[in-house]
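What follows is a short report on a single structure.
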Amino acid sequence: MASSRAGLPTRFEEIPTKITVLGVGGAGIKAIDSLARSGMELAKLVALDSDLNALRQVKAHEIIQVGENTLRGRGSGGDISLAQKAVDEDLDKVIRTLDVCDLLIAVAGLGGGMGSGGLPYLLRAIRDQYGDKAPAMISIVTIPFRYEGQTKMKNVQSGLREIVVVNDSVVVNMNDVLLEKFGEMPAQVAYSRMDNILKMAINYIVEMLDPRDTLQRLDFPDLKGMIERSGIGFIGIGSHRSVRKAVESAIDTRLLDANPTSASGYLLYIKIPPTASLSEVIDGPRLITEKYDVERISFGARLNPMLRTPESFVYATGVDSPFVKDMIGDVKELLRE
Numbered sequence: 042m043a044s045s046r047a048g049l050p051t052r053f054e055e056i057p058t059k060i061t062v063l064g065v066g067g068a069g070i071k072a073i074d075s076l077a078r079s080g081m082e083l084a085k086l087v088a089l090d091s092d093l094n095a096l097r098q099v100k101a102h103e104i105i106q107v108g109e110n111t112l113r114g115r116g117s118g119g120d121i122s123l124a125q126k127a128v129d130e131d132l133d134k135v136i137r138t139l140d141v142c143d144l145l146i147a148v149a150g151l152g153g154g155m156g157s158g159g160l161p162y163l164l165r166a167i168r169d170q171y172g173d174k175a176p177a178m179i180s181i182v183t184i185p186f187r188y189e190g191q192t193k194m195k196n197v198q199s200g201l202r203e204i205v206v207v208n209d210s211v212v213v214n215m216n217d218v219l220l221e222k223f224g225e226m227p228a229q230v231a232y233s234r235m236d237n238i239l240k241m242a243i244n245y246i247v248e249m250l251d252p253r254d255t256l257q258r259l260d261f262p263d264l265k266g267m268i269e270r271s272g273i274g275f276i277g278i279g280s281h282r283s284v285r286k287a288v289e290s291a292i293d294t295r296l297l298d299a300n301p302t303s304a305s306g307y308l309l310y311i312k313i314p315p316t317a318s319l320s321e322v323i324d325g326p327r328l329i330t331e332k333y334d335v336e337r338i339s340f341g342a343r344l345n346p347m348l349r350t351p352e353s354f355v356y357a358t359g360v361d362s363p364f365v366k367d368m369i370g371d372v373k374e375l376l377r378e
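Going letter by letter, the sequence shown gives residues 42 to 378 in our numbering.
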């Protein structure tokens with residue numbers, strides 16, 4: 042049998058994790074555009090909306106306009122039922138474009154029609170189409186300010202409930218928490234914080250599953266086991282010359298009213314410079330174990346010679362959020378549906 046130069050038979054080829062990042066509606070396609078312009082190539086980037094004018098401004102690997110007959114190239118005007126009809130009109134095309142992947146990361150803002158209506162309708166259709174072979178699903182959603190009106194919050198309530206039921210994990214980012222933490226900043230800077238956290242978090246999720254040049258491997262089964270039917274989650278990013286403080290900083294950047302100790306598990310991924318010691322690296326998972334009393338941690342680390350200070354990404358799963366409970370009730374009950 043022929044062997045590779047690494048000593049393995051040639052049939053031992055790398056099995057890549059197929060990742061698709063899907064942006065739905067205005068906020069979602071904006072995130073896809075940002076990822077595409079940053080040069081992401083390890084995931085397929087798909088932008089989906091009914092608004093043709095918005096789609097014309099977007100860079101992505103695939104751009105899908107839905108509901109041309111239903112909405113005539115316009116948005117849904119916050120109407121959930123119209124957004125669902127628009128997606129249904131082109132459902133076969135959408136599913137065909139998304140293709141089969143291992144991990145589907147969907148990004149949307151809730152409150153409007155496409156994020157609150159179109160996204161859950163599409164994800165449900167994917168589940169029905171593929172059954173047990175459906176990809177692992179993470180949705181990252183942004184909640185509008187409470188001051189934006191009851192109509193939007195009713196859309197949030199409807200959309201969030203359906204998204205939680207159909208997903209493995211739903212990462213919730215609240216504009217109200219953004220206001221609380223960064224309200225004294227200039228508006229442009231505060232909003233860019235949200236956009237940057239979102240973009241970097243998706244980058245980290247994709248990057249940490251890349252098996253090349255890792256010090257501590259975190260692979261797809263680790264991720265899948267942590268998120269599977271886990272409910273609500275939060276993400277955070279941090280940087281500091283101390284790994285421990287980088288992890289603390291990442292947890293502090295969460296944009297959800299969740300207590301870090303309520304998590305059922307943590308995914309922790311750190312990037313370190315060559316000067317970092319083993320003891321410093323282990324300070325990351327040690328902090329989560331000791332400070333937040335979390336038993337289940339999946340931990341990955343990568344050396345980056347270009348870094349001067351460690352960077353940290355945390356993804357807490359199965360957390361309790363007073364806001365989410367107020368909106369949709371007991372998440373654990375919903376997951377039994």
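Ideal Cβ positions, reconstructed from N, Cα and C, are used throughout, including at glycine. Treat the numbers as computed from the prediction; the structure is a model and nothing was measured.
Starting from residue i, trace the alpha helix (DSSP H) both ways and give me its first and last residue.
i, result
"Asn-426", "Summary: the structure shown does not reach residue 426, with the chain confined to residues 42 through 378, and so no result is reported for it."
"Asp-74", "66-78"
"Leu-144", "No alpha helix (DSSP H) contains Leu-144, which is instead part of the beta strand (DSSP E) from 144-150."
"Tyr-171", "160-171"
Can you grab the Cα-Cα spacing for the pair residue i / residue j, in whole Å?
i, j, result
"Asn-216", "Asn-110", "33 Å"
"Val-247", "Ser-75", "15 Å"
"Leu-219", "Tyr-188", "14 Å"
"Ile-121", "Pro-262", "35 Å"
"Asn-300", "Gly-158", "29 Å"
"Asn-196", "Leu-132", "22 Å"
"Val-213", "Ile-276", "8 Å"
"Leu-201", "Ile-104", "24 Å"
"Gln-170", "Pro-176", "11 Å"
"Ile-56", "Ser-339", "20 Å"
"Thr-192", "Leu-375", "23 Å"
"His-281", "Gly-325", "12 Å"
"Arg-258", "Leu-123", "44 Å"
In three-state DSSP terms, what is residue i?
i, result
"Asp-390", "In the structure as shown, the chain starts at 42 and stops at 378, and residue 390 therefore has no counterpart that could be examined."
"Lys-332", "helix"
"Phe-275", "strand"
"Ile-246", "helix"
"Ser-339", "strand"
"Met-215", "strand"
"Leu-309", "strand"
"Gln-229", "helix"
"Val-141", "coil"
"Leu-83", "coil"
Exposed or buried, residue i, counting other C-beta atoms within 10 Å across all chains shown (16 or more means buried)?
i, result
"Gly-363", "The residue you asked about is not Gly; residue 363 is Pro in the sequence shown. Under this definition Pro-363 is an exposed residue."
"Gly-152", "buried"
"Asp-90", "buried"
"Lys-295", "What sits at residue 295 in the sequence shown is Arg, not Lys. Result: buried."
"Arg-343", "buried"
Mind checking if residue i is an interface residue toward chain B, Cβ cutoff 9 Å exclusive?
i, result
"Gly-66", "This model lacks chain B altogether; it includes just one protein chain."
Out of the options, state which residue places its alpha-carbon closest to the alpha-carbon of residue i.
i, options, result
"Met-81", "Ala-242, Gln-125, Ile-311 and Gly-114", "Ala-242"
"Gly-118", "Tyr-310, Met-155, Leu-145 and Ile-136", "Met-155"
"Ala-304", "Ser-199, Ser-210 and Asp-251", "Ser-210"
"Val-148", "Ser-339, Leu-86, Met-194 and Gln-191", "Leu-86"
"Leu-328", "Thr-255, Ser-320, Glu-289 and Ser-339", "Glu-289"
"Asp-334", "Ala-357, Leu-319 and Asp-236", "Ala-357"
"Val-182", "Gly-172, Glu-203 and Val-355", "Glu-203"
On the DSSP letters alone, give me the boundaries of the beta strand (DSSP E) that residue i sits inside.
i, result
"Val-357", "According to the sequence shown, residue 357 is Ala rather than Val. First-last of the beta strand (DSSP E) with Ala-357: 352-358."
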